[in-house]
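Here the structure comes first, spelled out in structure tokens, and everything after it is commentary.
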Amino acid sequence: MKKRRFLSFLVILCSSFCLLSSGGEPQTLAIRAGKIWTLSDGVITNGVIIIDNGKIQAVGENIDVPEGAKVLDMPDMNVMPGMIDAYCHIGLSVNVQREIDETVAAVAADMQILDAFNPHSDDVKKALRSGVTTIMLAPGYRNPVGGQPAVVKLDTSKADGWVLKRTAGVDFSVMNQALMFDREPTSRAGLMEMLREELDQAKAYKAEEFNPRREVLKRVVDANLPAYIWAHNVDEIASALTIVDTYGLNAVLVAAGQGDEVADMIAKRNLPVIYPPLLLSSRDKDLRRAGKIAGSGVKLAFSSLAPKTDLYDLRTSAILAVKYGLDKETALKSLTINAAEILGVSDRLGSISQGKDADLVVLKGEPLQLTSSIELVMINGNIVYQRQEE
Amino acid sequence: MKDIKGIVVFASLFLQVLSAGALGAEQVAIQGGTILPISGAAIENGIVLIENGKIAAIGRNVAVPMDVRSIDASDKFVMPGLIDVQSRLFVIESEFNEGRSIAPELNILDGLDPFIKEAPEVAAQGVTAVYITPAGRSLIGGSGAVLKLNGSNDVGRMLLKGDIAVKATIGVSANNQSSSLGRLAQYSSIREALLSTKIYMHQREKHAREMAEYNKKRAEYEKKKQVRPTEKVEKPKRPDRFRPNPTREVLAKVLSKEIPLQIEAHRVTDILNAIRLADEFGFTLILDKCTEGYLVADEIARSKADVVLGPVTVSFVETPRLEYRNHDVRNAAILSKRGIKLALGVSGRDGASSKFVALAASIAVANGMDKDLALRAVTLTLAEILGVADRIGSLDVGKDADIVILSGHPLDTLSRVEMVLIEGKTVFERKDKQ
Amino acid sequence: MKSRSHITFISILLTACVLNALAHAAPVRRKLAVKAGRIITIAGKDVKNGVILIKDGVIKAVGKEVEIPWDAFVIEAKDRVVMPGFVLAHTSSGLDRANENMPEVPFISTFDSIDPISTFFEDSLRDGVVTMLVLPGNNTLLGGTGTIVKPYGRTVEAMLIKRYTGLKISLRPSQNTSRMGHMQRFRRYMSDLKDYLEDYEQKKADAEEEKKPFDEEIDVTKQPMVDLLNKRLTAFVYCDRAADVSKAIEIKNTHKLDTVLVLGPDCYKAVGLIARSKLPVILDSQLVIWETNEQTNEEEMKVVPMIFHKAGVKFAFQIDTSQYGRRYLWYQAATAVKYGMKRQEALKSITLYPAQFIGVDDRLGSIEAGKEATLIFLTGDPLDAQSWVDQVMVAGEIVYERAKDERLKKLLEPPLIMQEPKDTD
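Chains as they are written, first to last, in the numbering used here: chain E, 9 to 398; chain C, 2 to 435; chain U, 960 to 1384.
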């Protein structure tokens, strides 16, 4: 067994060395793997993925490997799409709290979280081996309007190409934590009033006024830009739904941990939910909620809310959710294609299918097996992480 | 003569049968399935025989008495109960306010509330024992204790063993602020405390000698008085009372290696300082948390200190905290490959997070730790480090029958715990058959 | 001759005057007979239209067919319910300060801190309480000794029934201490005390041996703890939460103390332990507690007196002067009855049992021959919210009459009507 493992490691090492040393010349890559979890066409056993120019050219069971292609032979491995962390705050300055929560201004709609992001920070480098290939970098929950989240690929080695969406939407919060004692709003009623005022003013905004804050909110009010609304408790979710209804927003609920208690209300409005990491709760009744809310027909994507929990534990969330009642297929989707769809990048990410970006994770063991180690991570066809034998 | 002998033999046999019958209720046999004793190789289709709360026999060919309560474990896994070595179960919130810097005489049992309701959930995940230490704000806090989750409302009846180790901390930040000067001061304070304990031990010994001397002289004096009551004899002077200092008494036990000193240290310098203290004073060292241990694995291996590592993933604690900045989830794998004796803990946000013991072990495996060692790190190795391996930690004859039966391998997070026994008594049984 | 008859006449006249004056000054009624519509004896069955015979402040007889002596003063109370006065076994109200700053002060006494003018006492009397044990508060480890008083009197001496009763120990940690630190402090104190006593005995033995006089007394600050160890004082141990109960029992067993448990609201969880200990129990004033079930998220109601009652535990009630309802002992008893406790048992918990717990049951707590004539006259059933305490008798003397209760009258007066200021310009 060990010999086999060493051999396959050697093969990967050699192949990837060739790949890495081939310089800027794009080369066709063929990955042969024991199990390919496509997330679009089921699981392919002993299948092949053909990658060219950073995109998936083909995937299937019996596919011809093109001439001159580099072959990565991994018969014992599982391959899945690169995971997507739907909401987190990595790569920001040391005092994370200060960066993600603008405490002076309650409404910070024009702030772009990407401005505080350091693409070369240790955080980002460390995150490369987590199996998470794309993240939604987002503001926190302490502002009624927190700023603009961005969809970002974790391979920041090149100057550009890693920002998929600079302004993915606008972040809102109706959480109790957005209420401060030294600046408004100081009460939920005050918070709701503030939001209504902002959105009303945004409605009446005209381009000539040149107000970036109003401008981006106008796009939200016109449902051209999604509103990502932090709401955890049932009453907070209810407040969020009120705003959504009043303004007809295209919205996503963030960290709706108690969403299962009002799942029918959420499902009725077809709102997806970015689910908080399960390791934040340790009580059985809380761990069961993910299964319950999905069971009521609400679309879920998992998030780490890093650094609240570690980025690596995105998969842990999914596995724990399955342990406490979520079905396996939904769990895998919530790590990949669901997140891509919710973030509006499913044309490029979320599944191993033709035309999509070659963002892949290779695991030794099945994805929903917590003991499976991450052997290799690929973004845009480039290997960004590979496990070293100690 | 023969008749009497016959009667005696018959009578004794009869009595034996009777007593066996009476104790028959205390006999349980777990049959079928894969047994993971931890102390040895797995046993397929094995049998575990339990008598009076202890493991009486284990193996493939075990004679199972007639009227024994039988548990069918076919297609299941049978293993010893899991232990969380960094648990907060039962600890009352107020105990985290204990700010006195040096107070090892504090007893963690005083700070526990057995009526806290999180225990059943934890037991339902196969955790049969927890090691609880005073929270890490004191420089030298009290001693930790191991409790069994047998559902009792009485701390005394849950207690397996107290005074496991004295807990100390070097370099833990307060309010996420830490300074090298501050940490140096902490190190010095601990060192000073140990030095003054040495002096105390000398004084105590001196007093003991003086008392022995006095008692001898006193006996002589009594004798003389008896023989010659009228003669003037000098009465020996009783030495002043020696007031035992509770703090120093506990630290004396550490210095005489009766109990280990468990030092929580995160950064490299703090870990090295802890090892330096152990070198200087010769006590048994347990390194707790050991966050940056992977950077000084060689030094730790050389020092022969045991390591209680946790949290395996930072997700278990409130982040961001300064001391976890260089936390690496591969820490366990690296340390264990160096041959360091390792236990894994959850070190979670609250008492209920102790249920994630198996999860913690699985994460360690995913990041390079050997499967068997990881499983041992939450059972036998853990028990050995805590000094309770005579009672728990593996399925061996003579140990307590603290057993977990699972639907699959314990490191497969999706396995379900079917049944949990503590000392042969069922404390959990899964009801819903999905 | 004339002068002598003058003197005789004047002296007879004077004597007559003096006797007359005496006779009218303070009518000492040595013999009383109370004719009551209903007598709740507590000791036995209620008596309808019964009589209580009292002589020199002591109950001589009680029953339906009791012969009334010719010279007994009859108190007509046909429309009244007469029962023993309520006894409050534990309170820290009516003190200047309930808690001391230092944790170990067993040598102080509530006797020095009782404020006779406090409205707490006035209200207590009005509400039918005739005796209370006032102990230090729940925030001091070794709080001091208690005092049994009656709730009226101008000075503490006048209120006094018995000094130096009960020593308060609290297991609630003081503000910034942990429970571990608190318990350790207690153990340290007891260990130092034992050392001190050993030394003391040693010195005494030495002196005896050397035939020298020994007149050293036990340190006055330690004396109450010594009395506690010798069972001359009873420990009243406050358990802040259920986890403290086992500690209290451990303390009792280790030092072999006479103990009464004073419970916090959630101590009902330890009912099994308490029942097995067979210790007397004083309940927290909060009798109905709502708890959220962990698994189902549903609210469950816990009725504390019923939990203890079902476990066979004898208990007394406490009051909370800051809450309406719970400020009355009868209300506490009525709450228990509402949820299923037997009436008789509930009434005992505000009369006989507390009297037993504080050691005054030889005189108080029930209406039976030989006990003190300390009774309350109610306008209706004690558990009826409409009933008033009409009169209170202590040792045969009426010490409270609602008709003469000025403050009560003022409270019940119709509100003043504001007069419009007259135009004076």
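Glycine included, C-beta positions come from ideal geometry on N, C-alpha and C.
(message) DSSP has Gly1022 (chain U) in a bridge; who is on the other side?
(response) Working through the third sequence from its first residue, we reach residue 1022 (chain U) at position 63. When beta bridges are read from the DSSP output, Gly1022 (chain U) appears opposite U:Val1010.
(request) Compare the C-beta of Val1243 (chain U) with all C-beta atoms of chain C and state if any pair is closer than 8 Å. (result) Your numbering for residue 1243 (chain U) matches position 284 in the third sequence. According to the sequence displayed, residue 1243 (chain U) carries Asp and not Val. Taking 8 Å as the threshold, the shortest C-beta distance from Asp1243 (chain U) to chain C does not fall below it.
(message) Taking the straight line between their C-alpha atoms, what separation do you get for Asp81 (chain E) and Ile327 (chain E)?
(response) By 1-based counting over the first sequence, the position of residue 81 (chain E) is 73. By 1-based counting over the first sequence, the position of residue 327 (chain E) is 319. A direct Cα-to-Cα measurement between Asp81 (chain E) and Ile327 (chain E) gives close to 27 Å.
(message) For a test of the three-state rule: what should DSSP assign to Lys1269 (chain U), helix, strand or coil?
(response) In the third sequence, counting from the first residue as 1, residue 1269 (chain U) sits at position 310. Of the three classes helix, strand and coil, the one that applies to Lys1269 (chain U) here is helix, per DSSP.
(request) Mind checking which residues open and close the beta strand (DSSP E) that includes Ser425 (chain E)? (result) In the structure as shown, chain E starts at 9 and stops at 398, and residue 425 (chain E) therefore has no counterpart that could be examined.
(message) Looking at the strands, I want to know which residues DSSP matches up with Thr142 (chain E).
(response) The count along the first sequence starts at 1 and reaches residue 142 (chain E) at position 134. Its beta-bridge partners are E:Ile92 and E:Lys161.
(message) 8 Å is my cut-off, CB to CB: does Lys432 (chain C) come that close to chain E?
(response) Along the second sequence, one-based indexing puts residue 432 (chain C) at 431. Not one chain E Cβ lies under 8 Å of Lys432 (chain C).
(request) Assign Thr1090 (chain U) to buried or exposed, taking buried as 16 or more other Cβ atoms, counted over all protein chains shown, within 10 Å of its Cβ. (result) Numbered from 1 along the third sequence, position 131 holds the residue referred to as residue 1090 (chain U). By the neighbour-count rule (16 or more Cβ atoms within 10 Å), Thr1090 (chain U) is buried.
(request) Can you tell me which of the three DSSP states Val1230 (chain U) falls into? (result) Numbered from 1 along the third sequence, position 271 holds the residue referred to as residue 1230 (chain U). Looking at Val1230 (chain U) - three-state DSSP - the assignment turns out to be helix.
(message) Does the CB of Arg339 (chain C) have a neighbour CB from chain U at under 8 Å?
(response) Within the second sequence, residue 339 (chain C) is the residue found at index 338, counting from 1. Contacts with chain U at 8 Å (Cβ-Cβ) do not include Arg339 (chain C).
(request) Classify Tyr236 (chain E) as helix, strand or coil using the three-state DSSP reduction. (result) Translated into the one-based positions of the first sequence, residue 236 (chain E) becomes position 228. Note: Tyr236 (chain E) maps to strand in three-state DSSP.
(message) If the cut-off is 7 Å on Cβ atoms, which residues from the stretch 1251-1268 of chain U count as contacting chain C, listed in chain order?
(response) So the close ones are Glu1253.
(request) Sort out for me which residues DSSP pairs Met1091 (chain U) with in a bridge. (result) In the third sequence, the residue the question calls residue 1091 (chain U) occupies position 132. According to DSSP, residue pairing for Met1091 (chain U) in a beta bridge involves U:Leu1047 and U:Val1108.
(request) Report the neighbours of Pro1172 (chain U) on chain C: residues whose CB is nearer than 9 Å to its CB, in chain order. (result) As a first step, residue 1172 (chain U) is located in the third sequence; it is residue number 213 there, counting from the start. Per Cβ cutoff of 9 Å: no residues; Pro1172 (chain U) is ~18 Å from chain C at best.
(request) With a cut-off of 8 Å on the beta carbons, I'd call Gly1087 (chain U) and Gly1044 (chain U) a contact; round off their distance for me. (result) If you number the third sequence from 1, residue 1087 (chain U) lands on position 128. If you number the third sequence from 1, residue 1044 (chain U) lands on position 85. About 6 Å separates the CB atoms of Gly1087 (chain U) and Gly1044 (chain U); that is less than 8 Å, so the two are in contact.
(request) Report, in whole angstroms, the separation of the C-beta atoms of Gln1254 (chain U) and Lys293 (chain E), which I expect to be a contact under 8 Å. (result) Here residue 1254 (chain U) refers to the residue found at position 295 when the third sequence is read from its first residue. Here residue 293 (chain E) refers to the residue found at position 285 when the first sequence is read from its first residue. The Cβ separation is near 7 Å, so the contact holds.
(message) Quick check on the DSSP output: what are the complete beta strand (DSSP E) runs of length 3 or more inside the stretch 1185-1249 of chain U, in order along the chain?
(response) When DSSP assignments are scanned along the stretch 1185-1249 of chain U, the uninterrupted stretches of beta strand (DSSP E) that are 3 or more residues long and fall wholly within it turn out to be 1194-1198 and 1218-1222.
(message) Taking 8 Å as the threshold (C-beta atoms), are Val1351 (chain U) and Ile1376 (chain U) in contact?
(response) Walking along the third sequence from the start, residue 1376 (chain U) turns up at place 417. Walking along the third sequence from the start, residue 1351 (chain U) turns up at place 392. No, the pair does not count as a contact, with Cβ atoms beyond the cut-off.
(request) Examine the Cβ distances between the stretch 1134-1154 of chain U and the stretch 1104-1121 of chain U and report whether three or more of them are shorter than 8 Å. (result) No, because fewer than three Cβ pairs between the stretch 1134-1154 of chain U and the stretch 1104-1121 of chain U fall closer than 8 Å, the two stretches do not touch.
(message) Any beta carbon from chain C within less than 8 Å of Ser381 (chain E)'s own beta carbon?
(response) For the purposes of this step, residue 381 (chain E) is taken as the residue at position 373 of the first sequence. Chain C contact via Cβ: present.
(message) Using the three-state DSSP reduction, which class does Asp123 (chain E) fall into: helix, strand or coil?
(response) One-based indexing of the first sequence puts residue 123 (chain E) at position 115. It is helical.
(message) Does the CB of Arg1385 (chain U) have a neighbour CB from chain C at under 8 Å?
(response) Outside the shown range of chain U, which is 960 to 1384, sits residue 1385 (chain U), and nothing can be said about it.
(message) Here's the rule: buried if 16 or more other CB atoms are within 10 angstroms of the residue's CB, otherwise exposed. What is Gln1184 (chain U)?
(response) Taking the third sequence and counting its residues from 1, the one referred to as residue 1184 (chain U) is at position 225. Looking at the sequence provided, one finds Met at residue 1184 (chain U) rather than Gln. Classification of Met1184 (chain U): buried, given that the 10 Å Cβ count is 16 or more.
(message) For Ala23 (chain C), count the other beta carbons within 10 Å of its own beta carbon; 16 or more makes it buried, fewer makes it exposed. Which is it?
(response) Stepping through the second sequence from its first residue, residue 23 (chain C) is reached at position 22. Note that Ala23 (chain C) scores 46 on pLDDT, short of 50, meaning its location in the model is unreliable; the coordinates nonetheless yield the value given after this. Ala23 (chain C) comes out exposed.
(request) In angstroms with no decimal places, state the Cα-to-Cα distance between Glu281 (chain C) and Ser129 (chain E). (result) Your numbering for residue 281 (chain C) matches position 280 in the second sequence. Your numbering for residue 129 (chain E) matches position 121 in the first sequence. Spanning the two alpha carbons is a distance of roughly 40 Å.
(message) Taking only three categories from DSSP, how would you classify Asn274 (chain C)?
(response) As a first step, residue 274 (chain C) must be located in the second sequence, where it is residue number 273. The DSSP-derived three-state label of Asn274 (chain C) is helix.
(message) Between Arg40 (chain E) and chain C, is any beta-carbon pair separated by less than 8 Å?
(response) Position 32 of the first sequence, counted from the first residue, corresponds to residue 40 (chain E). Taking 8 Å as the threshold, the shortest C-beta distance from Arg40 (chain E) to chain C does not fall below it.
(request) Indicate whether Val159 (chain E) and Thr142 (chain E) have their beta-carbon atoms separated by less than 8 Å. (result) The sequence position of residue 159 (chain E) within the first sequence is 151, counting from 1. The sequence position of residue 142 (chain E) within the first sequence is 134, counting from 1. Between Val159 (chain E) and Thr142 (chain E), the gap from beta carbon to beta carbon is short of 8 Å.
(request) Find the residues of chain U that neighbour Ser95 (chain C), judging by a C-beta separation of less than 7 Å, and give them in chain order. (result) Counting from one through the second sequence, the residue named residue 95 (chain C) turns up at place 94. Under the 7 Å cutoff, chain U gives Pro1132, Ser1137 and Arg1138.
(request) Assign Trp45 (chain E) to one of three DSSP states: helix, strand, or coil. (result) Locating residue 45 (chain E) in the first sequence gives position 37, where the first residue counts as 1. Three-state result, Trp45 (chain E): strand.
(request) Using the Cα positions of Thr1050 (chain U) and Val1272 (chain U), report the straight-line distance between them to the nearest angstrom. (result) As a first step, residue 1050 (chain U) is located in the third sequence; it is residue number 91 there, counting from the start. As a first step, residue 1272 (chain U) is located in the third sequence; it is residue number 313 there, counting from the start. Going from the Cα of Thr1050 (chain U) to the Cα of Val1272 (chain U) covers about 21 Å.
(request) Use the C-beta contact count for Gly126 (chain C): other C-beta atoms within 10 angstroms, 16 or more gives buried, fewer gives exposed. (result) If you number the second sequence from 1, residue 126 (chain C) lands on position 125. Strictly speaking, residue 126 (chain C) in this sequence is Gln, with Gly absent from that position. Flag for Gln126 (chain C) reads buried.
(message) So, under 8 Å CB-CB, Asp155 (chain C) and Pro115 (chain C) are touching, yes? Tell me the CB distance rounded to an integer number of Å.
(response) For the purposes of this step, residue 155 (chain C) is identified with residue 154 of the second sequence, where counting begins at 1. For the purposes of this step, residue 115 (chain C) is identified with residue 114 of the second sequence, where counting begins at 1. Right, their Cβ atoms sit about 6 Å apart.
(message) To the nearest angstrom, how far is the alpha carbon of Gln377 (chain E) from that of Tyr332 (chain E)?
(response) Locating residue 377 (chain E) in the first sequence gives position 369, counting from the first residue. Locating residue 332 (chain E) in the first sequence gives position 324, counting from the first residue. So the two alpha carbons sit approximately 14 Å from each other.
(request) Tell me whether Gly25 (chain C) sits in a helix, a strand or coil according to DSSP, three-state version. (result) Translated into the one-based positions of the second sequence, residue 25 (chain C) becomes position 24. Residue placement at Gly25 (chain C) is flagged as unreliable, the pLDDT there being 40, under the threshold of 50; the coordinate-derived value follows with that caveat. Three-state result, Gly25 (chain C): helix.
(message) In the DSSP output, which residue or residues are listed as bridge partners for Tyr283 (chain E)?
(response) Counted from its first residue, the first sequence places residue 283 (chain E) at position 275. According to the DSSP secondary-structure assignment, Tyr283 (chain E) is paired through a beta bridge with E:Phe310.
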